[in-house]
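Residue numbers (UniProt numbering): 1 to 396.
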């Protein structure tokens, strides 16, 4: 082989080697970039959140709390969330399921993976978890909400429990009633017979006996629902009617308290007040009200912080969010209550729109038409001035 052919073959081998190297780079670089992209865009962590409902999960208040919690997690971008809801049905149930049965069921359900956090809605759920702490994931943090302030005066919580208290402003609600009914000569309180109903009766009784001693109190309770409705119908117009809750009547029949308000309102000769926000719009005129949904939001935010920073977790008990005076304008109009009697920061439900709010689009269109007309008229006037100026100059 001549030196010339040897050089050609050597040159071709180098070209093939370069081509193979280039091909390898073409394949390797996208794979490397793809792997890098995959490593920086891994699927987010999936949190498992167990919501323990201390009662019927379909109650309006429970739905509001649940929605507040889920809305917080839906806005979180650093992880996806699996929600599992377990109701205890103990608010109005006369035969609750034994703890041992519930714990066995929960341990079986979560055998493959325990919850990352538990959110306890209302007192029965928290008490169940505290009673069975040794049997149900003692290292899993708990966040509670929907539990009144007075509970914590007599109960000590374990180290893994955080949460948000709730306060219902009975005194503020009755103060609003006295604004609306300055000539009232008595207070009538409607309450059912379940343990939850009676607990609220006790709270109302404590406030009335200390703050409103000048007004006698009539208790409409411990009787069948038909008798409760009849007694409300017999109350004179000078009565302040306060509706607490009626989960169960004297015959053991169970109810959703919100559904009964319209029945009482139809028969009453004066407005009905309450301190639960889920009653607003159902027939009460208003009250000093704390929001169930806000409770859920605050609990959701607390749970999210704990999940994001598990190593720095320490129990935190947040004070109750403030109550806000809220009124239903339909009931205000029905009872001919002057809207000027409400405090400055009152929240209105069903407030009639002002003319500006009602005809916003039409008013904006009219304003735009007037502006366009003014612009055209202005342009015509300027043009007329120019013509006159030109005519004067031509006349000279």
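Even for Gly, the Cβ is constructed at its ideal location relative to N, Cα and C.
Here the structure is a predicted model, which is why all the values come from computation and not from measurement.
C-alpha distance - residue i paired with residue j, whole-angstrom precision
i	j	result
residue 43	residue 78	Annotation note: pLDDT 44 at residue 43 (below 50); position unreliable, coordinate value reported separately. Roughly 10 Å separates the two Cα atoms.
residue 271	residue 193	23 Å
residue 405	residue 304	Nothing in the structure corresponds to residue 405, since the chain is present only between 1 and 396.
residue 331	residue 338	11 Å
residue 388	residue 340	60 Å
residue 103	residue 141	17 Å
residue 40	residue 75	With a pLDDT of only 39 at residue 40, under the threshold of 50, the placement of this residue in the model should not be trusted, and no figure is reported.
residue 111	residue 49	15 Å
residue 371	residue 379	12 Å
residue 385	residue 375	15 Å
residue 228	residue 245	12 Å
residue 392	residue 373	29 Å
residue 377	residue 395	27 Å
residue 138	residue 83	20 Å
residue 33	residue 314	With a pLDDT of 39 at residue 33, under the threshold of 50, the predicted position of this residue should be treated as unreliable, though the coordinate-derived value follows. Roughly 42 Å separates the two Cα atoms.
residue 367	residue 381	21 Å
residue 200	residue 132	26 Å
residue 301	residue 308	11 Å
residue 88	residue 134	19 Å
residue 205	residue 213	11 Å
residue 202	residue 219	11 Å
residue 35	residue 161	Annotation note: pLDDT 39 at residue 35 (below 50); position unreliable, no value reported.
residue 383	residue 336	59 Å
residue 323	residue 342	15 Å
residue 109	residue 310	24 Å
residue 236	residue 261	18 Å
residue 365	residue 278	39 Å
residue 390	residue 369	32 Å
Residue nearest to residue i in terms of C-alpha spacing, selected from the options
i	options	result
residue 344	68, 325 and 152	325
residue 349	285, 379 and 336	285
residue 346	144, 259, 288 and 163	288
residue 56	255, 310, 128 and 327	255
residue 168	111, 177, 150 and 100	150
residue 333	49, 283, 245 and 143	283
residue 466	87, 173, 109 and 383	Given that the chain is displayed from residue 1 to residue 396, the structure contains no residue 466 and the question cannot be resolved.
residue 64	302, 385, 298 and 314	298
residue 128	278, 61, 114 and 144	144
residue 238	383, 181 and 136	181
residue 221	99, 214, 131 and 198	198
residue 115	98, 296 and 136	136
residue 251	236, 226, 242 and 300	226
residue 215	202, 243 and 183	183
residue 321	336, 308, 296 and 311	296
residue 47	117, 98, 88 and 109	117
residue 175	336, 107, 242 and 310	242
residue 130	109, 105 and 99	99
Anticipated Cβ contact below 8 Å, residue i with residue j, distance rounded
i	j	result
residue 81	residue 73	4 Å
residue 263	residue 328	With 8 Å as the limit, residue 263 and residue 328 do not qualify as a contact, their Cβ atoms being about 17 Å apart.
residue 152	residue 196	With 8 Å as the limit, residue 152 and residue 196 do not qualify as a contact, their Cβ atoms being about 18 Å apart.
Proximity below 8 Å, CB of residue i to CB of residue j
i	j	result
residue 187	residue 217	yes
residue 171	residue 54	no
residue 122	residue 147	yes
residue 163	residue 306	no
residue 275	residue 61	no
residue 224	residue 249	yes
residue 119	residue 51	yes
residue 273	residue 177	yes
Between the segment 151–160 and the segment 202–222, do at least 3 Cβ pairs fall closer than 8 Å?
no
Quick check: the segment 288–302 against the segment 62–76, are at least 3 beta-carbon pairs closer than 8 Å?
yes
Report task. Assess, as a yes-or-no matter, whether the segment 251–271 is touched by the segment 221–236 under the definition of 3 or more beta carbon pairs within less than 8 Å. Result -> yes
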